[in-house]
Amino acid sequence: MSCNIYYVYQYLNKDNIPYYIGKGSKNRINESHSPWIELPPTAQRIIVQNNMSEKAAFDLEIYLIKQFGCKIDGGILDNKKISRWVSQAGWRHSDETKKQISNKNTGKVRSEQHKENYRKSKTTEHAEKIKKAVKQLWDNPEYREQRLAMIREKSFAHKGKPWSPARREAQMKKQNNKGITI
Numbered sequence: 016m017s018c019n020i021y022y023v024y025q026y027l028n029k030d031n032i033p034y035y036i037g038k039g040s041k042n043r044i045n046e047s048h049s050p051w052i053e054l055p056p057t058a059q060r061i062i063v064q065n066n067m068s069e070k071a072a073f074d075l076e077i078y079l080i081k082q083f084g085c086k087i088d089g090g091i092l093d094n095k096k097i098s099r100w101v102s103q104a105g106w107r108h109s110d111e112t113k114k115q116i117s118n119k120n121t122g123k124v125r126s127e128q129h130k131e132n133y134r135k136s137k138t139t140e141h142a143e144k145i146k147k148a149v150k151q152l153w154d155n156p157e158y159r160e161q162r163l164a165m166i167r168e169k170s171f172a173h174k175g176k177p178w179s180p181a182r183r184e185a186q187m188k189k190q191n192n193k194g195i196t197i
């Protein structure tokens, strides 16, 4: 059995701009992800590269996420920084931030109900409220430009640019010529 069974894919919005980057094998590109990631029409699910080892696919996924940036950091992707992203993408709280978090939590007494609420997953309604709040922020041109300027200043900004529509179209044709079914 070949170990090169992984691929990296992206979901495009109606303007052909990526909003999610993922790594998968088998049918992952066509499976539901989470309440905040909508599955686009089949034509907008693009395999960026396939026949990869898991490590190579993971490295490319991280690279592309850093190129486009997550919305939480002012980028354009809906990808979330959870567990492995935090540690493996190189993102860390600064020592000062860790100390502030610790100071704010010191002495807090939480009820059993409060602890139980922490264990529950976010409801779809809560996820929608967050999504709307973020969209409202991004609809403000001043905020949007400020966040995009911050992205451009980051160290990875020089490593590449998002694909132009022409390059994306050429890549799609190349994939279709290889017989990749999306």
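The numbering used here applies: residue 16 is where the sequence shown begins, and numbers increase by one. For every residue, glycine included, the Cβ atom is placed at its ideal position computed from N, Cα and C. Computed from a predicted model, the values in this text were never measured in an experiment.
### Message
Between which two residues does the beta strand (DSSP E) holding VAL149 run?
### Response
Annotation for VAL149: no beta strand (DSSP E) segment contains it, though the alpha helix (DSSP H) segment containing it runs 139-154.
### Message
Between the alpha carbons of GLU157 and VAL149, how many angstroms are there, rounded?
### Response
Approximately 14 angstroms, taken between the alpha carbons.
### Query
Can you give the Cα-Cα distance for SER40 and ASN19, rounded to whole angstroms?
Inter-residue distance for SER40 and ASN19 is about 9 angstroms (C-alpha atoms, whole angstroms).
### Message
Looking at PHE83: is its Cβ nearer than 8 angstroms to the Cβ of ILE77?
### Response
Inclusion of PHE83 and ILE77 in the CB contact set at 8 angstroms is not warranted, their separation being larger than that value.
### Query
Taking just the CA atoms, how far does ILE116 sit from LYS123?
Computed Cα separation, rounded: 12 angstroms.
### Task
Specify the secondary structure class of PRO180 as computed by DSSP and reduced to three states.
In the three-state scheme derived from DSSP, where H, G and I count as helix and E and B as strand, PRO180 is classed as helix.
### Query
DSSP on SER117, reduced to helix/strand/coil?
Three-state result, SER117: helix.
### Heavy atom of the ligand ADP within 7 angstroms of GLY90 beta-carbon
Among the ligands in the structure shown, none appear at all, so the ligand ADP cannot be discussed.
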